[in-house]
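Asks:
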Amino acid sequence: MAAPKQKVILRRCSDYNPEKISGIIREGIEAFGLSPRIGGKITIKPNVVFAHHKIAPSAFTRPEFLDGLVTALKARAAGELRISVAEKCGAAIPTVRMFRRAGYYPLRRKHGLRLVPMEEVKKVKVPLAQGQLHTEVTLAREMVDRDFLVYAPKLKTNVLAHGLTGAFKLNMGILCDRERMWCHHYDLDKKIVDLAEVGRPDFIATDAVECAIGGNQLTERGRHLGAVIMATNPLAHDVVCAHILHLDPAKIGHLKLASERGYGSLDLASIAIEGDISLDELRDRTKDWDLGFIHASKLPGNMKVLCGEPYCTGGCHGVFLDWIYMIKDRKPKLWNNLPAWTVVIGEYKGDIEAKRVFLLGTCTKVLGKLKARRKIRIRGCPPKHKTIVMWLFLKAGIVNPMFQPGLILDGYPFYWLSKLRTFFRERF
Ligand code: SF4
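When we follow the working numbering, the leftmost residue of the sequence shown carries the number 102, and every step to the right adds one.
(1) Per the DSSP calculation, Lys255 is bridged to which residue(s)?
(2) If Phe421 and Val406 are in contact, beta carbons under 8 angstroms, what's the gap, nearest whole angstrom?
(3) Just tell me which of Gly315, Val299, His325 has its CA closest to the CA of Pro335.
(4) In angstroms with no decimal places, state the Cα-to-Cα distance between Asn94 and Lys108.
(5) State the CB to CB distance for the pair Glu457 and Thr443, rounded to an integer number of angstroms; the pair is presumed to be in contact (CB under 8 angstroms).
(6) Where does Ala187 land, buried or exposed, given buried means 16+ other C-beta within 10 angstroms?
(7) Can you say whether Pro484 is buried or exposed, counting buried as having 16 or more other CB atoms within 10 angstroms of its CB?
(8) Among the residues of its own chain, which have a CB less than 7 angstroms from the CB of Ala241, if the five just before and after it don't count?
(9) So Gly327 and Val310 are supposed to be a Cβ contact under 8 angstroms. How far apart are they, rounded?
(10) So is the beta-carbon of Cys284 under 6 angstroms away from any non-hydrogen atom of the ligand SF4?
(11) Alpha carbons only, please: which of Ile122, Gly512, Ala176 is nearest the one belonging to Thr162?
(12) Per DSSP, what are the beta-bridge partners of Leu471 in this structure?
(13) Enumerate, from N- to C-terminal direction, the unbroken alpha helix (DSSP H) stretches of 4 or more residues contained entirely within the region 182-238.
(14) So if DSSP puts Ile314 in a beta bridge, which residue, or which two residues, is it bridged to?
(15) What residue range does the beta strand (DSSP E) around Ala373 cover?
(16) Using C-beta distances below 7 angstroms, list every residue in its chain close to Ile125, excluding the 5 sequence neighbours before and after it, in chain order.
(17) Are the CB atoms of Glu165 and Pro207 within a distance shorter than 7 angstroms?
(18) Taking the alpha carbon of Asp246 as the reference point, which residue from Phe200, Met199, Gly141 has its own alpha carbon closest?
(19) Put Pro440 into one of helix, strand or coil per three-state DSSP.
(20) Measuring CB atoms only, is the region 130-144 touching the region 173-193, in the sense that at least three cross pairs come out at less than 8 angstroms?
(21) With 16 as the cutoff for other CB atoms within 10 Å, does Lys472 come out buried or exposed?
(22) Can the beta-carbon of Thr320 be found closer than 7 angstroms to that of Leu256?
(23) Would the C-beta of Gly354 count as close to the ligand SF4, meaning under 6 angstroms from any of its heavy atoms?
(24) Taking a contact to mean a Cβ-Cβ separation below 7 angstroms, would you say Val149 touches Ala203 in this structure?
(25) With distance defined between alpha-carbon atoms, name the residue in Glu454, Ser185, Arg198 nearest to Phe151.
(26) Closer than 7 angstroms by C-beta to Cys190: which residues in its own chain qualify, once you throw out the five before and the five after it? Chain order, please.
(27) Which whole runs of the alpha helix (DSSP H) in the region 350-399 are 4 residues long or more, in chain order?
(28) Are Ile374 and Leu383 touching if we call contact CB-CB under 7 angstroms?
(29) Could you tell me if Thr236 is buried or exposed, where buried requires 16 or more neighbouring beta carbons within 10 angstroms of its beta carbon?
(30) Which value, in whole angstroms, describes the spacing of the CA atoms of Leu348 and Asp391?
(31) Can you tell me which residues form a DSSP beta bridge with Cys408?
(32) Residues around the ligand SF4, please: the condition is that the C-beta lies closer than 5 angstroms to some non-hydrogen atom of it.
(33) By how many angstroms is the C-alpha of Ala192 removed from the C-alpha of His285?
(34) Look at Gly376 and Ile110 and say whether their C-beta atoms are less than 7 angstroms apart.
(35) Quick one: what does DSSP say Leu508 is sitting in, helix, strand or coil?
(36) Is the distance from the Cβ of Leu296 to the Cβ of Asn272 below 7 angstroms?
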């Protein structure tokens, strides 16, 4: 007998009206028959990897969407609810600051929910029976000790993840910095799929009213899609999202691996798509979108990228593209006039003769002759964005759009304050 089809619901939603969003999600909950299961401790995991009113206004789950989602959960609950919104934002930034910048604090008052910065709360170790890289992960208690888990991703593109951030990739945000950056290189796909063993949502409601497309995963620009996507199976959800963006799911490493490891099929024919907007209509809306996912050596402009081995889509190669796309997203004039650096990533076999050479990543070396007047090396496997932004400012004079007084405060004094809070909470 053929396996039953996984259901994905596509709904039309033209704007960020919380009432309208709540109505759509209420109907979604009913269609999946989830109401009897909604009660007790509910954890919602949104995507707030980064938020800033000026340079990153579009690449996180909007507060209006979260408002609608929480209202819908309350309306369809079978019993008392204790709702926690749990997140760990981008590496080396305190999540509390991103909650504030994302506009989540008024929701705490309105709905009586808890905002949980995962790095600062009590954690538990969870063994992974099928992990290929991780045999154990350290998670916030709210991710483990809960009755119902809701994922609320933002539909967006990501050059570190073969072009797509959906429900599977959201699991990177359940790890704190040390475990998150470990093996964040050519093995990123394995890492993402390992996490699905603990990060399996009961319900997914995706903010695709405005998508974030074509640049850096934090700063890319919004494009109106006008949809809410709902599912219970993360792979079926991501397969449909890939098709919406004209991506082939079989070429998205973590989806292909997830299918091989038994999480479901990549075949669209195995998914029952319902709702009031068709996949074709959504594909028509996105047909001209430039997703920005290219091989690093094909980067246009003054910076020439020489790619050695290994090629790390989820590591230095992707991180470099991601860093330079911040400039494309938010400083187009600078993007067109970037200084002519030769960037080497990985173990490069040829000779290099250039005025200025930038070596990115701990494993990077030039096996041939290297002749250059200026050299910069930034270590890390991969280096954090914060490190690249800072070093390229200090050594090459490139003022990245992230270089904002408020964000420097977030990334340094507030970051250390958050570390200090964590230290005391863990011990006392
Ligand atoms: S240091 Fe080397 S292995 Fe690590 S992410 Fe960079 S290129 Fe990949």
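Built from N, CA and C at the ideal position, the CB exists for glycine as well.
Replies: Reading it off the structure:
(1) Residue pairing for Lys255: DSSP places it in a beta bridge opposite Asp308.
(2) About 7 angstroms; that satisfies the 8 angstroms criterion.
(3) Comparing Cα-Cα distances from Pro335 to each of Gly315, Val299, His325, the minimum goes to Val299.
(4) Any answer about residue 94 is impossible in this case: the structure gives the chain only from 102 up to 529.
(5) Before going on, a small fix: residue 457 reads as Arg here, not Glu. Yes, they are in contact, since the Cβ atoms of Arg457 and Thr443 sit about 7 angstroms apart, within 8 angstroms.
(6) Residue burial is scored here from C-beta neighbours: Ala187 has at least 16 other C-beta atoms within 10 angstroms and is therefore classed as buried.
(7) By the neighbour-count rule (16 or more Cβ atoms within 10 Å), Pro484 is buried.
(8) Same-chain partners within the cutoff: Ala187, Val217, Met219, Val222, Lys224.
(9) Taking a contact as a CB-CB distance under 8 angstroms, the pair Gly327 and Val310 counts as one, their CB atoms being some 6 angstroms apart.
(10) Result no, Cβ not under 6 angstroms from the ligand SF4.
(11) Considering only alpha carbons, the answer is Ile122.
(12) According to DSSP, Leu471 bridges with Ile453.
(13) Uninterrupted alpha helix (DSSP H) stretches at least 4 residues long and entirely within the region 182-238 occur at 196-203, 206-212, given in chain order.
(14) Residue pairing by DSSP places Ile314 opposite Arg322 in a beta bridge.
(15) Start and end: 372-376.
(16) Cβ within range, chain order: Arg112, Cys114, Val329.
(17) No. Outside cutoff.
(18) Ranking Phe200, Met199, Gly141 by Cα distance to Asp246 puts Gly141 first.
(19) DSSP places Pro440 in coil when its eight states are reduced to three.
(20) With a cut-off of 8 angstroms on Cβ pairs, the region 130-144 is in contact with the region 173-193, counting three or more such pairs.
(21) Taking every protein chain shown into account, the CB of Lys472 has fewer than 16 other CB atoms within 10 angstroms, so this residue is exposed.
(22) Cβ distance not < 7 angstroms, so Thr320 and Leu256 don't count as in contact.
(23) Checking the Cβ of Gly354 against the ligand SF4 gives no.
(24) Cβ atoms of Val149 and Ala203: closer than 7 angstroms.
(25) Selection Glu454, Ser185, Arg198 evaluated against Phe151 yields Arg198 as nearest (Cα-Cα).
(26) Taken in chain order, the residues that qualify are Val149, Val150, Phe151, Thr196, Met199.
(27) Taken in chain order, the complete alpha helix (DSSP H) segments of 4 or more residues contained in the region 350-399 are 354-361, 380-387.
(28) For Ile374 and Leu383, no; Cβs fall outside 7 angstroms.
(29) Flag for Thr236 reads exposed.
(30) Rounded to the nearest angstrom, the gap between the Cα atoms of Leu348 and Asp391 is 11 angstroms.
(31) Assignment of beta-bridge partners to Cys408 by DSSP yields Ile446.
(32) Residues with a Cβ closer than 5 angstroms to any heavy atom of the ligand SF4, in chain order: His286, Cys413, Gly416, Cys417, Gly447, Gly462, Thr463, Cys464, Cys482, Pro483.
(33) Using only the alpha carbons, I get a separation of about 12 angstroms.
(34) With respect to Ile110, Gly376 sits close: the two C-beta atoms are nearer than 7 angstroms.
(35) In this structure, DSSP gives Leu508 a helical state, which the three-state scheme calls helix.
(36) Against a cut-off of 7 angstroms, the Cβ pair of Asn272 and Leu296 comes out as a contact.
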